[in-house]
Amino acid sequence: DTAVSQTPKYLVTQMGNDKSIKCEQNLGHDTMYWYKQDSKKFLKIMFSYNNKELIINETVPNRFSPKSPDKAHLNLHINSLELGDSAVYFCASSGLPGLIKDTQYFGPGTRLTVL
Amino acid sequence: QQQVKQSPQSLIVQKGGISIINCAYENTAFDYFPWYQQFPGKGPALLIAIRPDVSEKKEGRFTISFNKSAKQFSLHIMDSQPGDSATYFCAATLSGGYQKVTFGIGTKLQVIP
Numbered sequence: 001d002t003a004v005s006q007t008p009k010y011l012v013t014q015m016g017n018d019k020s021i022k023c024e025q026n027l028g029h030d031t032m033y034w035y036k037q038d039s040k041k042f043l044k045i046m047f048s049y050n051n052k053e054l055i056i057n058e059t060v061p062n063r064f065s066p067k068s069p070d071k072a073h074l075n076l077h078i079n080s081l082e083l084g085d086s087a088v089y090f091c092a093s094s095g096l097p098g099l100i101k102d103t104q105y106f107g108p109g110t111r112l113t114v115l
Numbered sequence: 116q117q118q119v120k121q122s123p124q125s126l127i128v129q130k131g132g133i134s135i136i137n138c139a140y141e142n143t144a145f146d147y148f149p150w151y152q153q154f155p156g157k158g159p160a161l162l163i164a165i166r167p168d169v170s171e172k173k174e175g176r177f178t179i180s181f182n183k184s185a186k187q188f189s190l191h192i193m194d195s196q197p198g199d200s201a202t203y204f205c206a207a208t209l210s211g212g213y214q215k216v217t218f219g220i221g222t223k224l225q226v227i228p
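Residue numbers (the working numbering), protein chains in the order written: chain A, 1 to 115; chain B, 116 to 228.
Here is the structure:
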């Protein structure tokens with residue numbers, strides 16, 4: 001009964017490839033997020049969706065494209081992967097529309113390694 | 116622009132000691148200050164949170180102290196245990212609308228026996 005799940009947990013790929021990370025939450029939350037955590041553990045928000053609508057889009061290369069087929073799912077597709085994309089990517093969700101200050105529930109993370 | 120400054124970046128405390136992590140924020144509109152705990156290989160999880168209308172919040176061995184005038188808040192872990200060894204993130208958010216959470220850079224705590 002995992003609250004926020006991500007697949008895959010590990011992703012190793014070559015530069016230039018395209019890859020996707022999937023996220024699902026079963027908490028009934030309306031808001032979902034993607035965060036990038038670099039090697040120094042810094043957490044940086046990338047995107048946020050509320051009810052399938054993009055509401056936060058930080059300065060992220062347009063090689064990154066989030067997609068939300070429904071409010072329980074938020075996927076991240078990355079085109080033309082670069083070495084600097086290597087990081088741990090976390091999906092998160094929060095409850096009550098419009099109240100991002102509510103608790104964020106994080107997934108287990110996807111460790112992406114670009115060779 | 117780092118809107119939430121966290122220190123120290125690493126901390127070593129002996130078992131039974133007090134661990135103290137400090138954070139300072141710039142935006143006086145922030146109105147919710149959570150702390151997240153992250154164990155290796157796991158996602159961050161909410162530990163404790165405070166709103167600026169109170170100066171202190173305690174949950175078990177964990178206490179947040181909040182100083183609104185100084186725009187600072189801190190996490191105190193009393194009787195620190197090896198199982199507390201993790202990375203701790205302070206954070207701050209704005210009220211109203213769809214606002215993002217701004218995280219501090221994290222503090223890696225190691226509690227040694």
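For glycine and all other residues, C-beta sits at the position ideal for the given N, C-alpha and C.
Per the Cβ contact rule, the stretch 102-109 of chain A is in contact with the stretch 22-39 of chain A (3 or more Cβ pairs under 8 Å).
With contacts defined as CB atoms closer than 9 Å, residue 164 of chain B and residue 150 of chain B qualify as a contacting pair. DSSP places residue 8 of chain A outside both helix and strand once states are collapsed to three, so it counts as coil. Runs of the alpha helix (DSSP H) lying entirely within the stretch 143-212 of chain B and spanning at least 4 residues: none are present. Taking 9 Å as the Cβ-Cβ cut-off, the stretch 180-205 of chain B approaches chain A at 202 and 204, given in chain order. Chain A places a beta carbon closer than 9 Å to that of residue 156 of chain B, counting this residue as a contact. Neighbours of residue 109 of chain A in chain B, taken as residues at a C-beta separation under 9 Å, are given in chain order as 156, 157 and 158.
Between residue 44 of chain A and residue 148 of chain B, the C-beta gap is not smaller than 9 Å, which leaves the two residues out of contact. Not a single C-beta of chain A is nearer than 9 Å to the C-beta of residue 140 of chain B.
Of B/172, B/132, B/203 and B/136, the smallest CA-CA separation from residue 226 of chain B is found for B/132. Beta bridge pairing from DSSP links residue 24 of chain A with A/5 and A/73. With 16 or more neighbouring CB atoms inside 10 Å of its own CB, residue 71 of chain A falls in the buried class. Identification of chain A residues near residue 215 of chain B by a Cβ-Cβ cut-off of 7 Å yields 45, 48, 56 and 100, ordered along the chain.
When A/10, A/20 and A/4 are compared, the shortest CA-CA separation from residue 28 of chain A is found for A/4. Annotation note: the stretch 19-63 of chain A contains the following uninterrupted beta strand (DSSP E) runs of length 3 or greater, listed N- to C-terminal: 19-25, 31-37, 43-50 and 53-57.
Listed in chain order, the non-local C-beta contacts of residue 195 of chain B below 6 Å within the same chain comprise 128, 132, 134 and 226, local neighbours out to five positions each way being set aside.
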